[in-house]
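Let me begin by presenting the structure, written as structure tokens, before commenting on it.
Numbering (my numbering), first residue to last: 2 to 260.
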């Protein structure tokens, strides 16, 4: 339970007035709870989506959901994808790339990537048929947070230092498998709530998890070749990229399989 509380405190803005030591044990144990963290992030966003769609307009609802997803995480993952883009698109040496990624100042690549990420989420979510909007808002953050466990499990930390690197290096396939099992349960339950058949739930759940986890693994493999490993920024970037992949796949499945 303490590992779950730590992850809620670390990954969201939920105010939980309980002191939990940020230790490797708590951090690594908390990895299995990542899909639940994703659901906690998604719930207020889905509430905003449903409320504004009912009261005002679909576009306003989508915008409110996207903004809430950013706010409830403190923009942590957006910062990660922006810093990652600044580093990778600089096409510098490994050492210089890691320095750029650590720099708190954003460059043109980072700003552009952040804007494109937000815009892409808006367009993809807006394109999802209205009946699947709330479901997409609920499911995608779960998938994104599940994917980060695979990103951390298959690669080592790129920098030779303690801190978060020591925690990431202790994350293994068993933690990713546990997170995936929890994510499958959550996503399957959501699909059942929308009254899909058992076969449809199994197919859709499998495709969504394979695509998002696969992207995370491939991204980690690329970073290992380019930088020698992953960083905290690439973990945040993985969440954002997995959410985009999840939205795209969800949209495709809804239009060609679920309708």
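Don't be surprised by glycine CBs; every beta carbon is placed ideally from N, CA and C.
| message | Taking 8 Å as the threshold (C-beta atoms), are residue 36 and residue 184 in contact? | response | Yes; because the gap between Cβ atoms is below 8 Å, this pair is in contact.
| Burial state of residue 56 (16 or more Cβ within 10 Å) | In the assembly as shown, residue 56 is an exposed residue. Its beta-carbon has fewer than 16 other beta-carbons within 10 Å.
| Rounded to the nearest angstrom, how far is the Cβ of residue 206 from that of residue 180, given a contact under 8 Å? | Their Cβ separation, rounded to whole angstroms, is 14 Å, which puts residue 206 and residue 180 out of contact at 8 Å.
| request: Output the distance between the C-alpha atoms of residue 32 and residue 21, rounded to the nearest integer angstrom. | output: The straight-line gap from Cα to Cα measures roughly 15 Å.
| Check whether residue 143 and residue 71 have beta carbons under 8 Å apart | It is not a contact, given that the beta carbons lie outside the stated cut-off.
| said: For residue 145 and residue 48, which I take to be in contact (beta-carbon distance under 8 Å), what is that distance rounded to the nearest angstrom? | reply: About 18 Å separates the two Cβ atoms, so there is no contact after all.
| request: Determine, using beta-carbon pairs with one atom in the region 103-110 and one in the region 64-78, whether at least three such pairs fall under 8 Å. | output: The answer is no - the region 64-78 does not touch the region 103-110, with fewer than three Cβ pairs under 8 Å.
| request: Have a look at residue 244 and residue 30 and give me their C-alpha separation to the nearest angstrom. | output: Distance between the alpha carbons of residue 244 and residue 30 is about 23 Å.
| query | Within 10 angstroms of its Cβ, does residue 105 collect 16 or more other Cβ (buried), or is it exposed? | reply | Its Cβ having fewer than 16 others within 10 Å, residue 105 is exposed.
| message | Closer than 8 Å is the cut-off here; do at least three beta carbon pairs connect the region 224-238 with the region 78-90? | response | Taking one beta carbon from each stretch, the region 224-238 and the region 78-90 have 3 or more pairs nearer than 8 Å; the two touch.
| request: Count the other CB atoms, across all protein chains shown, that sit within 10 Å of the CB of residue 41; report buried if there are 16 or more and exposed otherwise. | output: Residue burial is scored here from C-beta neighbours: residue 41 has at least 16 other C-beta atoms within 10 angstroms and is therefore classed as buried.
| request: Leaving aside the five residues before and after residue 115 along the sequence, list all residues of the same chain whose C-beta is less than 6 Å from its C-beta, in chain order. | output: Scanning its chain for C-beta atoms nearer than 6 Å, with the 5 sequence neighbours on each side dropped, one finds around residue 115 the residues 79 and 83, in chain order.
| request: Compute the Euclidean distance between the alpha carbons of residue 10 and residue 19, then round it to the nearest angstrom. | output: In this model, residue 10 and residue 19 are separated by some 9 Å (Cα to Cα).
| field | Anticipated Cβ contact below 8 Å, residue 217 with residue 152, distance rounded | value | Contact flag correct, Cβ pair sits at about 4 Å.
| task | Please report the residue range of the alpha helix (DSSP H) in which residue 201 lies. | result | Membership of residue 201 in the alpha helix (DSSP H) is indicated by the continuous run 199-228.
| Between which two residues does the alpha helix (DSSP H) harbouring residue 189 extend? | Under the DSSP assignment, residue 189 falls in the alpha helix (DSSP H) whose first and last residues are 174-194.
| said: Let me check one thing: in DSSP terms, what residues is residue 231 bridge-paired to? | reply: Within the DSSP bridge table, the entry for residue 231 names 158 as partners.
| Can you tell me the Cα-Cα spacing of residue 219 and residue 238, whole angstroms? | Approximately 13 Å between the Cα atoms of the pair.
| According to the Cβ coordinates, are residue 125 and residue 67 closer than 8 Å? | The answer is no: Cβ separation not under 8 Å.
| said: Which same chain residues end up closer than 8 Å to residue 129 when comparing Cβ atoms and leaving out the 5 residues on each side of it in sequence? | reply: Counting only Cβ-Cβ distances below 8 Å, and skipping sequence neighbours, we find 137, 248, 251, 252 and 255.
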